[in-house]
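Using UniProt numbering, the first residue of the sequence shown is number 1, and each one after it goes up by one.
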Amino acid sequence: MTSNMSVSGEQDLKKDERMMEGKRSDSPEPSCVSMKSDASMDHPFHFRDGASSPDVRPQQKKSNLSRNQLDSIFKELEHKVITLIKNELKRFRKLLSPDYPACTEREVEDEQDLHSVRDGALKITLHVLKNMNHTDLANTLHNKLASVYQTKLKSSLREKFKRINEGISQHGSSALLNEIYTELYITEGWSGDVNNEHEVRQIETASRSPATQETPIKCNDLFKDKSIRGVLTKGVAGIGKTVSVQKFILDWAEGKANQDVTFMFPLPFRELNLMKQKHLSLMDLLHHFFPEIRKLEVIDCDSYKVVLIFDGLDECRLPLNFQKNERLCDVTESASVDVLLTNLIKGNLLPSALLWITSRPGAANQIPPECVDQVTEVRGFSDPQKEEYFRKRISDQSLADKIISHMKSSRSLYIMCHIPVFCWISATVLERMLGEAESGEIPKTLTQMFTHFLIFQIKHKDQKYHQKCDPDPQQTRESILALGKLAFHQLEKGNLIFYEEDLRECGIDVREVSVYSGVCTQIFREEFGLYLGKVFSFVHLSVQEFLASLYAFLSFISRNVTEQPTTDLSDLLRTAVDKALQSENGHLDLFLRFLLGLSLESSQTLLRGLMPQTGSSSHSKQETVEYIKEKIRKNPSPEKSINLFHCLNELNDHSLVQEVQRYLNRGGLSRLSGTRLSPAQWSALVFVLLNSDQELDVFNLSKYDPSEECLLKLLPVVKASRRADLRVCKLTEESCRVLSSVLRSN
């Protein structure tokens with residue numbers, strides 16, 4: 001064993017240190033052995049104005065040792081130091097031997113008081129080896145010594161990441177990730193420029209892209225290209241970015257992939273936010289998150305491969321000021337967490353480390369382009385993966401077939417299944433409704449699906465505590481209203497995660513937060529994070545938007561019950577339509593769909609337990625339908641009217657779509673020839689074609705009407721198609737100019 005090899009030198013050295021410690025108590029003189037003590041006592045002269053105080057320089061005292069005694073001590077010291085270094089070199093040689101097993105924790109760490117001595121010996125050895133042009137040998141030695149910390153880190157990460165809470169908070173159960181994980185569709189490159197549409201619209205757009213246009217990539221292959229340092233992965237909320245990160249780390253920790261990586265450090269932004277007031281070094285930060293490596297004083301990325309993972313850039317509440325933050329290159333120098341992150345991403349700190357950042361599309365432009373070598377996009381589940389998920393999730397395969405068939409029958413629901421969390425929500429609702437023969441209409445719209453999901457959560461809580469009905473419906477209603485208020489105000493701010501101060505702002509007592517997460521176990525999550533304090537979130541952005549719309553609707557009803565009504569529901573809905581249309585980034589699109597869906601009497605009947613007493617609201621549905629149609633007629637862009645058609649769908653009005661469907665059902669070529677469509681009908685035609693379950697591979701203009709007007713009206717469909725056939729279509733110079741502009745933007 002190594003400890004036997006070096007026992008004489010080490011024990012003698014310790015004995016001498018104890019002797020010198022004894023002498024030190026009698027005399028303040030320098031020790032000859034403790035270089036730290038010598039350095040701290042070796043002060044320079046300080047000249048002062050006026051007389052100096054006597055005897056302020058203890059180092060000027062004469063030594064009590066004679067020259068012969070000093071020579072004898074140093075001769076013995078030289079022998080012991082050389083013995084110690086020889087023993088360390090023997091240990092290093094053994095480690096480098098090909099038939100020597102991996103070093104143990106004891107061999108690396110050994111006694112605490114020898115740690116700094118051994119670290120110094122290692123640095124000297126590595127330095128000399130590199131000067132002898134044996135860099136490979138130096139790197140191998142360094143890696144062997146790092147392997148013990150790697151083993152401890154892998155063990156810790158394996159425990160943290162092996163289970164997944166699929167929409168379920170700590171109050172529920174969890175599943176093994178490897179058992180339920182379904183490979184996500186991830187592509188190289190980005191499907192478009194900065195997109196100001198609501199993320200659900202982006203999902204709808206991406207679902208129309210022919211698969212042949214994309215280059216799929218697996219997470220475990222992100223860093224296969226040796227020239228790539230920084231990878232930025234984009235994807236809408238809930239599409240599976242965090243689960244992909246979790247699987248990437250778990251595969252490494254279990255020895256299945258990326259075994260050339262020595263250390264992997266996941267640093268989620270939601271937890272880095274909790275350290276925004278801290279001032280510390282990069283090594284301190286890593287030791288804080290990963291105590292398993294606390295005895296590793298520096299990270300040497302030149303000797304071994306390191307991956308740092310920053311998940312959830314869109315959740316970051318640090319300024320990330322890449323322009324003004326000071327430059328930092330020393331991993332042991334202290335700074336704010338914001339400064340550490342910007343210097344890591346820019347490559348000033350750990351320039352050889354590999355970085356993986358994930359983000360929702362809207363926040364991704366915070367990272368300077370020069371810091372990103374590759375952009376990837378998580379596209380969620382492809383159509384075959386959707387089916388695979390339901391078959392894994394539902395053990396009864398005949399029931400799984402029914403669920404898949406129902407989801408396919410509603411195009412809007414099936415498109416949303418690109419989002420894994422929506423698959424889980426749908427499976428939760430439909431497994432109960434189709435499997436247990438519950439009464440009621442099977443959900444066909446988003447509002448119906450989310451309403452049934454909320455009702456299921458309330459019933460699930462009652463069943464969990466073996467109660468036939470809610471013992472305190474008032475508390476349930478107050479809890480959901482409080483969560484709705486939080487959802488509404490945080491939606492306005494664009495936040496998907498919340499901290500204790502956010503809850504307090506909405507009147508939620510953080511000491512009683514278990515009441516809220518207990519009422520809606522699978523809707524509102526109270527997490528303790530992997531490393532730090534509490535973080536709160538809704539299971540998905542769409543759930544937050546649903547609760548926000550429910551809060552707005554119930555608040556309106558409550559005001560009309562307790563106060564003299566000043567506006568009716570139709571006024572509220574018209575105002576909501578106007579505000580959603582004015583939004584530049586479409587962040588109210590889904591909120592509007594839900595609000596309109598909740599206005600239907602069928603929805604109010606389902607939610608009667610949450611409605612205030614005598615509080616329901618009837619309005620002229622047709623009045624709202626006509627108002628939306630008027631907006632479609634006035635909107636010059638058919639593409640921007642698409643959400644309004646989804647709104648009509650939530651109101652169960654399909655009249656415009658049915659009008660244009662009659663023309664499409666004619667069959668043959670020039671189906672629209674001689675037909676004069678209104679602006680609203682052109683918009684409806686675009687909506688129908690874009691939401692068709694047939695892949696838009698080839699767009700043939702002759703199929704509709706080989707005219708310039710038809711081409712210009714159907715440009716969104718051309719843009720979504722892989723190929724456009726425009727032969728014999730009488731194109732003018734103007735139509736070619738517009739067409740080239742569309743093709744360039746694509």
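Using N, Cα and C, we set each Cβ at its ideal position, and we do this for glycine too.
Beta-ladder partner(s) of residue i, from DSSP
i: H279; result: S336
i: M264; result: V307
i: V378; result: I186
i: V686; result: DSSP lists no partner for V686.
i: S537; result: I497, R525
i: N700; result: D725
i: R163; result: L176
i: R216; result: The residue asked about is misnamed: residue 216 is Pro in this sequence, not Arg. Answer is T187, bridged to P216.
Beta-carbon proximity check, residue i vs residue j, cutoff 7 Å
i: K144; j: L95; result: yes
i: K234; j: A364; result: yes
i: A237; j: E199; result: yes
i: N652; j: D589; result: no
i: F591; j: S549; result: yes
i: I632; j: S692; result: no
i: K346; j: C371; result: yes
i: V261; j: K295; result: no
i: L350; j: V307; result: no
i: I357; j: Y149; result: no
i: L486; j: C506; result: yes
i: V688; j: V718; result: no
i: Q374; j: I228; result: yes
i: A400; j: R411; result: no
i: N139; j: S303; result: yes
i: F594; j: F546; result: yes
i: F74; j: L141; result: no
i: L714; j: S735; result: no
i: L250; j: F161; result: yes
i: R379; j: N348; result: no
i: V686; j: P716; result: yes
First through last residue of the alpha helix (DSSP H) which encompasses residue i
i: L569; result: 569 to 582
i: N178; result: 177 to 180
i: N643; result: 642 to 650
i: D396; result: Careful: D396 lies outside any alpha helix (DSSP H) and carries neither H nor E.
i: residue 817; result: Outside the shown range of the chain, which is 1 to 746, sits residue 817, and nothing can be said about it.
i: M416; result: 411 to 416
i: V657; result: 655 to 664
i: T732; result: Per DSSP, T732 belongs to no alpha helix (DSSP H) and is neither H nor E.
i: V510; result: Segment: none, V510 is in no alpha helix (DSSP H) and carries neither H nor E.
i: Q259; result: No alpha helix (DSSP H) contains Q259, which DSSP labels as neither H nor E.
i: M433; result: 420 to 435
i: R593; result: 589 to 598
i: R633; result: 621 to 634
i: E249; result: The residue asked about is misnamed: residue 249 is Ile in this sequence, not Glu. First-last of the alpha helix (DSSP H) with I249: 241 to 253.
i: A237; result: Unbroken run through A237: none, as it is neither H nor E.
i: Q604; result: 601 to 606
Beta-carbon separation (whole angstroms), residue i vs residue j, contact threshold 8 Å
i: N585; j: G312; result: Actually they are not in contact, since the Cβ atoms of N585 and G312 sit about 19 Å apart, beyond 8 Å.
i: T428; j: F453; result: 6 Å
i: Q544; j: L607; result: Incorrect: roughly 18 Å between the Cβ atoms, too far for contact.
i: I628; j: L600; result: About 14 Å; that fails the 8 Å criterion.
i: F447; j: S555; result: First, the residue type needs correcting, since residue 447 is Thr and not Phe in the sequence shown. At roughly 17 Å, the Cβ-Cβ gap does not stay under 8 Å, so T447 and S555 are not in contact.
i: I309; j: P368; result: Contact flag wrong, Cβ pair sits at about 19 Å.
i: F456; j: C417; result: Not quite, the Cβ-Cβ distance comes to about 18 Å (not below 8 Å), so this is no contact.
i: T187; j: E377; result: 5 Å
i: L286; j: V337; result: Between V337 and L286 the Cβ distance is about 12 Å, and since that is not below 8 Å, they are no contact.
i: V331; j: S281; result: 6 Å
i: Y185; j: Q385; result: 6 Å
Continuous beta strand (DSSP E) stretch holding residue i: start and end
i: F290; result: Taken as a continuous stretch (DSSP letters only), F290 belongs to no beta strand (DSSP E), as it is neither H nor E.
i: E188; result: 186 to 188
i: G230; result: 230 to 234
i: S359; result: 354 to 359
Near the ligand FMN: residue i beta-carbon under 6 Å from a heavy atom
i: R676; result: For the ligand FMN, the structure offers nothing, since it holds no ligand at all.
| said: In chain order, what are the residue ranges of uninterrupted alpha helix (DSSP H) at least 4 long that sit wholly in the segment 113 to 149? | reply: 115 to 131
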